[in-house]
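Asker: Here the protein sequences line up with chains Y and D, keeping their order. Here the first sequence is numbered in full-length UniProt numbering, starting from 1 and rising by one per residue. Here the second sequence is numbered in full-length UniProt numbering, starting from 1 and rising by one per residue. This structure is in structure tokens; I'll ask about it shortly.
There are 2 protein chains.
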Amino acid sequence: MSGEEAPTQHQQPEQEKKPNEPPPAASDAPQESESSPAAEEKPISWRALVLTGHGGYDKMKLQVKTESKPQLKAGEVLLRVKASGLNFAELLGRQGLYDMLPNPPVTMGMEGSGVVEAVGEDVKDRKVGDRVIALSRSGMWQEVVVVSADHTFPMPEHMSFEEGAALPINYLTAYLMLFDVANVRPGKSVLIHMAAGGVGIAATQLCQTVQDVTVFGTASASKHETIAQGGVTHPIDYRTKDYVQEILKISPTGVDIVLDPLGGLDTQKGFNLLKPLGMLIVFGAANCMTGQKKNLLALAKTWYNQLSLSTLKLMQANKGISGFHLGNLIDEQLVSRTMYELLELYKQGKIKLRIDSCYHFEEIVDAMKRMHERQNIGKVILLSEPKKEEEKPKTNAEPGENVEKTESVITEEEEAAEEVNAETD
Amino acid sequence: MSGEEAPTQHQQPEQEKKPNEPPPAASDAPQESESSPAAEEKPISWRALVLTGHGGYDKMKLQVKTESKPQLKAGEVLLRVKASGLNFAELLGRQGLYDMLPNPPVTMGMEGSGVVEAVGEDVKDRKVGDRVIALSRSGMWQEVVVVSADHTFPMPEHMSFEEGAALPINYLTAYLMLFDVANVRPGKSVLIHMAAGGVGIAATQLCQTVQDVTVFGTASASKHETIAQGGVTHPIDYRTKDYVQEILKISPTGVDIVLDPLGGLDTQKGFNLLKPLGMLIVFGAANCMTGQKKNLLALAKTWYNQLSLSTLKLMQANKGISGFHLGNLIDEQLVSRTMYELLELYKQGKIKLRIDSCYHFEEIVDAMKRMHERQNIGKVILLSEPKKEEEKPKTNAEPGENVEKTESVITEEEEAAEEVNAETD
Chain Y
1 MSGEEAPTQH QQPEQEKKPN EPPPAASDAP QESESSPAAE EKPISWRALV
51 LTGHGGYDKM KLQVKTESKP QLKAGEVLLR VKASGLNFAE LLGRQGLYDM
101 LPNPPVTMGM EGSGVVEAVG EDVKDRKVGD RVIALSRSGM WQEVVVVSAD
151 HTFPMPEHMS FEEGAALPIN YLTAYLMLFD VANVRPGKSV LIHMAAGGVG
201 IAATQLCQTV QDVTVFGTAS ASKHETIAQG GVTHPIDYRT KDYVQEILKI
251 SPTGVDIVLD PLGGLDTQKG FNLLKPLGML IVFGAANCMT GQKKNLLALA
301 KTWYNQLSLS TLKLMQANKG ISGFHLGNLI DEQLVSRTMY ELLELYKQGK
351 IKLRIDSCYH FEEIVDAMKR MHERQNIGKV ILLSEPKKEE EKPKTNAEPG
401 ENVEKTESVI TEEEEAAEEV NAETD
Chain D
1 MSGEEAPTQH QQPEQEKKPN EPPPAASDAP QESESSPAAE EKPISWRALV
51 LTGHGGYDKM KLQVKTESKP QLKAGEVLLR VKASGLNFAE LLGRQGLYDM
101 LPNPPVTMGM EGSGVVEAVG EDVKDRKVGD RVIALSRSGM WQEVVVVSAD
151 HTFPMPEHMS FEEGAALPIN YLTAYLMLFD VANVRPGKSV LIHMAAGGVG
201 IAATQLCQTV QDVTVFGTAS ASKHETIAQG GVTHPIDYRT KDYVQEILKI
251 SPTGVDIVLD PLGGLDTQKG FNLLKPLGML IVFGAANCMT GQKKNLLALA
301 KTWYNQLSLS TLKLMQANKG ISGFHLGNLI DEQLVSRTMY ELLELYKQGK
351 IKLRIDSCYH FEEIVDAMKR MHERQNIGKV ILLSEPKKEE EKPKTNAEPG
401 ENVEKTESVI TEEEEAAEEV NAETD
């Protein structure tokens with residue numbers, strides 16, 4: 001999938017209404033007025049990353065689409081996407097494990113940033129040329145997209161497109177969990193798993209906005225210096241040490257809040273670590289994912305070990321457990337209010353977006369592998385513009401770290417080897 | 001059990017260390033110095049309510065104890081109890097359903113108020129004559145008790161003993177649930193079951209300390225005017241109406257917080273009523289209790305219907321569930337800090353203690369029946385001093401309300417009839 005494919009395969013999943021609609025002229029063409037009748041007739045082309053079926057990396061295809069110019073509905077805007085974010089949900093989505101995603105063929109991508117190219121009727125607070133962040137259930141991994149104006153947010157002046165695309169999902173998730181589901185207050189302690197990941201870094205930064213919060217963060221040893229600088233009080237190497245024992249050595253009574261993206265046995269460990277009146281928030285099941293394809297054994301193990309608690313057990317323990325899933329959150333006002341709060345924190349310098357690496361659409365497999373193998377520290381960003389010849393991937397990785405090779409084609413032998421690893425993991 | 005029994009039966013359950021120790025001279029005797037060796041030799045007598053076994057009202061006995069004067073350990077104080085509180089936990093305890101209570105014979109009572117009569121070594125901040133509120137696992141239903149000075153709290157000047165005894169359990173429970181487990185903030189909505197009960201009234205008042213909180217409160221219709229005056233925005237008659245439908249009519253998206261003292265099917269209903277990011281707190285299983293004795297059928301039904309949730313279900317729903325049980329709460333500092341916070345709210349006039357009725361020890365059965373049959377609006381208080389002849393029970397019940405008869409003896413016929421009612425409930 002390293003090259004561009006013929007634009008014959010159109011993608012119009014039924015469940016999806018907002019994204020995946022065609023755009024006006026490409027950005028290097030002269031800007032056309034969105035009200036010109038001539039322009040509406042002229043088909044336009046754009047690049048889109050398409051998931052063609054559930055499975056491994058080979059299901060990701062870069063396609064060029066050609067369609068007639070879109071008619072915006074009232075309240076919609078047409079966005080030229082500059083950068084978009086890669087999330088764990090999309091790794092699960094590729095494997096067929098994310099039920100909020102329409103069936104393939106589908107363009108994934110829940111967050112992005114770009115420039116408004118046209119506005120529909122009744123859109124008062126966005127105009128052509130505005131730099132905005134956009135949220136969507138899917139569809140952000142393409143050069144142009146139609147979204148509801150209500151799902152766009154003006155970017156602060158000095159924010160880059162990469163930063164804009166890095167903010168929404170990770171910071172909304174971290175903020176809503178810490179301040180709406182749980183109640184982080186001065187003196188509390190929080191366990192953050194995968195503390196060098198996107199949500200982990202966001203949660204660590206947001207904990208700093210409250211006085212005297214202790215953060216326990218798990219990450220492999222090579223990332224400890226970075227996460228400690230970011231605000232993790234006690235970095236813990238979960239690969240070589242038992243994190244439960246490490247935490248109890250430092251805090252014999254445990255922690256007040258556990259953010260759990262892992263699921264399975266780790267949820268039980270986290271629950272046991274809670275102090276009285278503590279709260280565990282499950283927001284993922286990363287333990288489900290081992291190899292690049294759906295691994296039934298890992299799934300079964302994670303589901304089998306998934307914690308199930310009776311209310312009587314909760315009363316005996318004086319503890320609570322919550323689930324969080326941004327994709328399932330139907331309260332749009334809450335999301336919108338929180339986005340503006342986050343942008344305010346960004347302006348105050350309390351949110352510092354950490355970009356791990358940027359990949360062009362052509363390099364999607366490298367981007368996915370980097371996240372899958374948990375090499376990233378911070379956000380993995382996708383860039384819409386075509387990759388120039390000889391350009392290296394933009395990454396913050398230190399010299400000596402295991403930087404991904406840039407080739408995107410996976411041979412069948414590599415694929416088979418990876419599957420074996422996954423099942424013996 | 002209407003009279004006083006011979007003081008032959010002493011009560012020294014093994015698990016219990018602090019309460020149930022003998023006192024100095026009764027209050028009508030001349031005050032003796034606590035360091036007088038002569039006084040230590042002289043046995044003293046006091047009245048105590050003793051649970052003699054698990055079962056119906058007949059297991060409650062008023063006894064007069066006579067023992068030698070207690071040697072206070074370091075950090076302890078001797079308290080002459082003036083008033084104590086009756087809680088649901090003691091109704092369960094009598095039935096053998098409260099596992100925090102030592103085995104019978106035992107004196108129940110977790111909260112009380114009175115005057116310090118002696119202090120042990122190392123007690124710096126309490127002195128003889130101080131009016132204090134006291135907390136204990138059990139043992140407050142007697143005229144004198146030994147408690148840890150750390151479990152006593154100075155009473156504000158204008159607070160009555162009845163008020164002091166009404167505060168701790170109900171307000172600690174309500175406060176910790178609303179502000180430590182959940183996170184009541186401006187604009188939120190709360191469902192309070194049994195809104196005319198002790199915890200219900202406390203929770204309603206504490207919700208008023210936050211701006212713009214909507215309170216849905218269930219209670220029988222005759223109590224609606226009172227709870228509305230107390231701050232319940234929408235009183236709901238759970239006996240004649242489906243409270244789920246009533247709430248959804250007013251707020252189609254549900255509520256943010258549910259305080260659930262009921263258990264069983266009501267927990268499931270409450271969970272379904274939650275808004276996204278909402279939290280249900282289970283803090284009892286009142287549905288277990290029907291008749292005056294343990295009802296195996298009600299127990300089985302409540303347990304069978306008790307909600308059990310997987311973390312995946314919680315993630316799909318974006319909801320949380322917590323358990324709260326003050327008796328299981330091992331964090332003494334948290335309890336102590338919260339007691340001082342509550343006393344501050346009392347001084348500011350934000351907590352107005354509502355006493356439903358006061359019963360002398362002789363009238364314990366009437367007191368228990370009043371709570372069991374949910375006739376009370378506010379706190380049921382026990383008074384240590386002997387009942388004077390011809391004295392009516394002190395109750396706030398309106399004329400025409402079903403005021404309990406004062407006789408405390410239950411005939412076997414009444415008992416049998418009540419059991420039948422319970423099992424067909």
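Glycine included, C-beta positions come from ideal geometry on N, C-alpha and C.
(1) Can Y:Lys347 and Y:Pro156 be called in contact, C-beta distance under 7 Å?
(2) Please list, in chain order, the residues of the region 317–329 of chain D that have any C-beta partner in chain Y closer than 8 Å.
(3) Can you list, in chain order, the residues of its chain with a C-beta nearer than 7 Å to that of Y:Lys223? Leave out the 5 residues immediately preceding and following it.
(4) Pick from Y:Ala74, Y:Arg80, Y:Lys59 and Y:Val144: whose alpha carbon is nearest that of Y:Gly96?
(5) Note the first and the last residue of the continuous beta strand (DSSP E) segment covering Y:Val145.
(6) Does D:Asp331 have its Cβ less than 7 Å from a Cβ in chain Y?
(7) What does a CB cutoff of less than 6 Å around Y:Met100 pick up in its chain, not counting 5 residues either side in sequence?
(8) Quick one: is Y:Thr66 buried, meaning 16 or more other Cβ sit within 10 Å of its Cβ, or exposed?
(9) What residues in its chain sit with their C-beta under 6 Å from that of D:Thr253, if we drop five residues either side in the sequence?
(10) Might you give, ordered along the chain, the residues of its own chain that have their beta carbon closer than 8 Å to the beta carbon of D:Tyr175, omitting 5 neighbours on each side?
(11) Below 6 Å CB to CB, which residues in the same chain sit around D:Ser84 once its five sequence neighbours on both sides are set aside?
(12) My assumption, with CB atoms under 8 Å, is that Y:Met177 sits in contact with Y:Leu259. Please give the rounded CB distance.
(13) Going along the chain, which residues of the region 245–272 of chain D sit with their C-beta nearer than 9 Å to a C-beta in chain Y?
(14) Can you give me the Cβ contacts of D:Leu345 inside the same chain, cut-off strictly under 6 Å, excluding the 5 residues immediately before and after it?
(15) Below 8 Å on C-beta distance, what does D:Met371 contact in chain Y?
(16) Would you mind sorting Y:Glu362 into buried or exposed? The rule is 16 or more other CB atoms within 10 Å of its CB.
(17) Measuring straight from C-alpha to C-alpha, what distance separates D:Asn272 and D:Pro43?
(18) Just grab the DSSP bridge partners of Y:Met279 for me.
(19) Assign D:Met66 to one of three DSSP states: helix, strand, or coil.
(20) Tell me, please, whether the CB atom of Y:Met315 is closer than 7 Å to any CB atom in chain D?
(21) Would DSSP call Y:Ser222 helix, strand or coil?
(22) Per DSSP, what kind of secondary structure is Y:Asp356 in: helix, strand or coil?
(23) If I measure Cβ to Cβ from Y:Glu163 and keep anything under 6 Å in the same chain, skipping five residues before and after, which residues do I get?
(24) Can you list, in chain order, the stretches of the beta strand (DSSP E) that have 3 or more residues and sit fully within the region 156–207 of chain Y?
(25) Any contact of the region 72–84 of chain D with the region 145–154 of chain D, i.e. 3+ C-beta pairs under 8 Å?
(26) For D:Phe283, which residues in chain Y fall below 8 Å Cβ to Cβ?
(27) I'd like to confirm the pairing. Which residues does DSSP put opposite Y:Ile44 in its beta bridges?
(28) What are the residues in the region 191–205 of chain D lying within 9 Å of chain Y by C-beta distance?
(29) Can you list, in chain order, the residues of its chain with a C-beta nearer than 7 Å to that of Y:Leu329? Leave out the 5 residues immediately preceding and following it.
(30) Express the C-alpha separation of Y:Leu314 and D:Pro23 in angstroms, rounding to a whole number.
(31) Are the C-beta atoms of D:Pro276 and some chain Y residue less than 7 Å apart?
(32) Sorted by chain position, which residues of the same chain lie with C-beta nearer than 6 Å to Y:Arg239's C-beta, five sequence neighbours on each side aside?
(33) For the region 151–185 of chain Y, which residues have a CB atom closer than 7 Å to at least one CB atom of chain D, in sequence order?
(34) Taking 7 Å as the CB-CB limit, is D:Thr311 close to chain Y?
(35) Can you tell me the Cα-Cα spacing of D:Thr52 and D:Pro235, whole angstroms?
Answerer: Quick answer:
(1) yes
(2) Ala317, Asn318, Lys319, Gly320, Ile321, Ser322, Gly323, Phe324, His325, Asn328 and Leu329
(3) Ala196 and Ile377
(4) Y:Lys59
(5) Val144 to Ser148
(6) yes
(7) Gly327
(8) exposed
(9) Lys275
(10) Ala202, Leu206, Thr338, Glu341 and Leu342
(11) Gly109, Gly112, Met140, Trp141, Ala165 and Leu382
(12) 6 Å
(13) Thr253, Asp260, Gly263 and Thr267
(14) Ile351
(15) Correct list: empty, because the minimum Cβ distance to chain Y is about 20 Å.
(16) buried
(17) 59 Å
(18) Y:Ile257 and Y:Gly320
(19) Checking the displayed sequence, the identity of residue 66 of chain D turns out to be Thr instead of Met. Residue state, collapsed to three classes: strand.
(20) yes
(21) helix
(22) strand
(23) Leu353
(24) 189–192
(25) yes
(26) Met315
(27) Y:Glu67
(28) none
(29) Val335
(30) Caution is warranted here: a pLDDT of 38 is assigned to D:Pro23, below 50, making its placement in the model unreliable, and the coordinate value is therefore given only provisionally. Taking the straight line from one Cα to the other gives about 39 Å.
(31) yes
(32) Ser220
(33) Leu176, Asp180, Val181 and Asn183
(34) yes
(35) 40 Å
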